[in-house]
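Numbering (the numbering used here), first residue to last: 980 to 1300.
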């Protein structure tokens, strides 16, 4: 029997209901049967009506209910919403947090293959430096910095050592142990998934790698970490120079590791736009999300591309085969 896929509808003030509808229309009956959406039935119906989308919704209490495969099965977060696309920040935050907690608990079930969350405004998650990656890691009670953020498509994988941190905090949050552990996690995951060793490129932190001055992070932290990783038999090169790597040389690697979020995500999105998925390694379950934001400026325009969400669903479903 195929395992269930958990989908979280995410931020109510977003394009999420649009991309959910467009994705649903393209899914096979087999996937539809095993897909469960965590949302609010009343809110969804109002949003679909506003968008003039015809879709059948059926509320369910648990993931054992697999009948009515042509209907979108919704595990209801019971809250009252009036204006479907103008939900207050307080109500949105309560809705998102309850949805993620419910999804986390369900994803621990052996009958669930993985979790997908639609885009969420990070301001709804409470702490300043917390994204969904960090929040689910805290729910899984894993050690800080043990989770790994991956952005990937069929051409390239990138990963930042630090995730949702202000630039001023990056330097003090990277050390030899964190770099080694995260690269080991990525290497082991890649070998399991693709049945081969990845070619990994590691970026330095500073412009021109601080010319490898003795007091630079490159000299004190990054190079010693890379040397240790090489001794472990992992195929890694670096520290590479950030300002030129993504011109052409990135093609020599399967995975590019950066020291901070925008160092690798900005060039990746310049190359591939939103043709990618966001994957978290190190959790107690598989978690992915579309590689784009809530797109408030596109609400009700009905021109949003569901491709990234579809790629997430297909990626999760691959583990069902």
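Beta carbons: idealized from backbone N, C-alpha and C, even for Gly.
Taking Cβ positions, are residue i and residue j nearer each other than 8 Å?
i            : j            : result
residue 1045 : residue 1012 : yes
residue 1137 : residue 1243 : yes
residue 1094 : residue 985  : yes
residue 1142 : residue 1240 : yes
residue 1180 : residue 1216 : yes
residue 1188 : residue 1220 : yes
residue 1019 : residue 1074 : yes
residue 1048 : residue 1289 : no
residue 1236 : residue 1182 : yes
residue 1259 : residue 1115 : yes
residue 981  : residue 1297 : no
residue 1265 : residue 1149 : no
residue 1132 : residue 1032 : no
residue 1006 : residue 1060 : no
residue 1284 : residue 1128 : no
residue 1231 : residue 1178 : yes
Secondary structure at residue i, three-state DSSP: helix, strand or coil?
i            : result
residue 994  : coil
residue 1095 : strand
residue 1257 : strand
residue 1075 : helix
residue 983  : strand
residue 922  : Not covered by the structure: residue 922. The range shown for the chain is 980 to 1300.
residue 1176 : coil
residue 1070 : helix
residue 1015 : strand
residue 1234 : strand
residue 1171 : helix
residue 1218 : strand
residue 1223 : helix
residue 1266 : strand
residue 1278 : coil
residue 935  : A question about residue 935 goes unanswered here, because the residues of the chain that appear run from 980 up to 1300.
residue 999  : helix
residue 1309 : The question about residue 1309 has no answer here: the residues shown for the chain are numbered 980 through 1300.
residue 1296 : helix
residue 1290 : helix
residue 1120 : coil
residue 1245 : helix
residue 1182 : strand
Might you give, ordered along the chain, the residues of its own chain that have their beta carbon closer than 7 Å to the beta carbon of residue i, omitting 5 neighbours on each side?
i            : result
residue 1170 : 1176
residue 1281 : 997 and 1030
residue 1154 : 1200
residue 1208 : 1159, 1162 and 1215
residue 1026 : 996, 1063 and 1064
Give me, in chain order, the residues of the same chain whose beta-carbon lies closer than 6 Å to that of residue i; leave out the 5 immediate sequence neighbours on both sides.
i            : result
residue 1017 : 987, 1054, 1078, 1081 and 1082
residue 1253 : 1270, 1271 and 1287
residue 1096 : 987, 989, 1111 and 1268
residue 1184 : 1196 and 1238
residue 1125 : 1261
residue 1118 : 1083
residue 1035 : 1050
residue 1213 : 1166
residue 1222 : none
residue 1008 : 1048
Rounded C-beta distance between residue i and residue j? I'm assuming under 8 Å.
i            : j            : result
residue 1255 : residue 1130 : 5 Å
residue 1015 : residue 983  : 6 Å
residue 1042 : residue 1277 : With a Cβ gap of about 31 Å, residue 1042 and residue 1277 do not count as contacting.
residue 1263 : residue 1087 : 6 Å
residue 1205 : residue 1218 : 7 Å
residue 1247 : residue 1135 : 7 Å
Who are the near neighbours of residue i in its chain, counting only those whose CB is closer than 8 Å to its CB and skipping five residues on each side?
i            : result
residue 1071 : 990, 991, 992, 1100 and 1103
residue 1147 : none
residue 1203 : 1155
message: Under 8 Å, with one C-beta from each stretch per pair, do the region 1223-1233 and the region 1193-1205 reach the 3-pair mark?
response: no
- request: Report yes or no: do three or more beta-carbon pairs, one from the region 1283-1294 and one from the region 1156-1166, lie closer than 8 Å?
  value: no
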